[in-house]
């Protein structure tokens with residue numbers, strides 16, 4: 001029991017030491033920043049330094065806004081591109097080996113696209129294409145391999161993270177298009 005208390009005491013001391021070290025580092029940064037401001041003030045007017053810093057911040061905010069608008073346009077443009085790919089290789093016939101047949105699903109983020117199926121036999125080769133809408137075939141039923149390829153494509157789907165501001169800008173622009 002005494003040993004356990006000793007270990008806990010050492011652990012707490014180490015935690016406090018790390019905390020003090022972090023505080024010291026932060027204090028040094030603040031002191032360095034104060035020195036830089038003091039040097040800038042000594043070179044000229046402190047009000048001028050603050051005003052120029054404020055102007056720089058305003059310019060940066062404008063640039064960030066432009067980048068957000070550009071990003072939202074890019075997001076809308078790339079959202080319809082084929083981004084999700086699923087490939088299943090298999091033997092279509094028992095006497096064939098080497099997994100020469102395949103099914104390839106190419107989908108966009110709305111789960112629209114195509115499924116391309118290539119069936120290889122000893123004497124012939126067949127190629128089938130089916131149109132996909134919302135991960136369902138439009139005209140014909142899907143085979144087991146085609147369903148697997150679509151599932152594989154949806155697994156590979158990359159999630160695009162957008163800020164709330166970008167989402168709002170994209171939605172507002174889409175609303176303008178719908179209303180006009």
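Numbering (full-length UniProt numbering), first residue to last: 1 to 180.
Every residue, glycine too, gets a C-beta built ideally from N, C-alpha and C.
Item                                                                                                                                                                     : Value
Could you round the C-beta distance between residue 153 and residue 107 to whole angstroms and report it? I think they count as a contact, below 8 Å.                    : 5 Å
If you follow the alpha helix (DSSP H) that residue 76 is part of, which residue opens it and which one closes it?                                                       : 46-79
Suppose contacts are defined by Cβ-Cβ distances below 8 Å. Is residue 131 in contact with residue 139 by that definition?                                                : yes
Between the region 66-84 and the region 46-58, do three or more beta carbon pairs fall short of 8 Å?                                                                     : no
Once you ignore the five residues that flank residue 45 on each side, which residues in its own chain have a CB closer than 8 Å to its CB?                               : none
Thinking just about the alpha-carbon of each residue, which of 11, 68, 121 and 36 is nearest to the one in residue 98?                                                   : 121
Counting only the same chain and skipping the five closest in sequence on each side, list residues whose C-beta sits under 6 Å from that of residue 100.                 : 120
Assuming residue 149 and residue 92 are in contact, meaning their beta carbons sit under 8 Å apart, how far apart are those beta carbons, in whole angstroms?            : In fact, because the Cβ distance is near 14 Å, the residues do not count as touching under 8 Å.
Helix, strand or coil: how does DSSP classify residue 38 here?                                                                                                           : helix
So the beta strand (DSSP E) residue 154 belongs to, where does it begin and stop?                                                                                        : Segment 144-155 is the alpha helix (DSSP H) holding residue 154; no beta strand (DSSP E) there.
Am I right that residue 41 and residue 30 are in contact with their C-beta atoms under 8 Å? What's the rounded C-beta distance?                                          : In fact, because the Cβ distance is near 16 Å, the residues do not count as touching under 8 Å.
For residue 159, which residues from the same chain have a beta carbon less than 6 Å from its beta carbon, with the 5 sequence-adjacent residues on both sides left out? : Note that residue 159 scores a pLDDT of 47, beneath 50, so its modelled location is shaky; the value from the coordinates is reported in the next line. So no residue of the chain qualifies.
Using C-beta distances below 8 Å, list every residue in its chain close to residue 110, excluding the 5 sequence neighbours before and after it, in chain order.         : 79, 80 and 134
DSSP beta-bridge partners for residue 126?                                                                                                                               : 119
Would you give the residue range spanned by the beta strand (DSSP E) that residue 101 belongs to?                                                                        : 101-107
Let me know the secondary structure DSSP gives residue 82 once reduced to three states.                                                                                  : coil
At the level of alpha carbons, what is the spacing between residue 54 and residue 39?                                                                                    : 18 Å
Have a look at residue 87 and residue 126 and give me their C-alpha separation to the nearest angstrom.                                                                  : 17 Å
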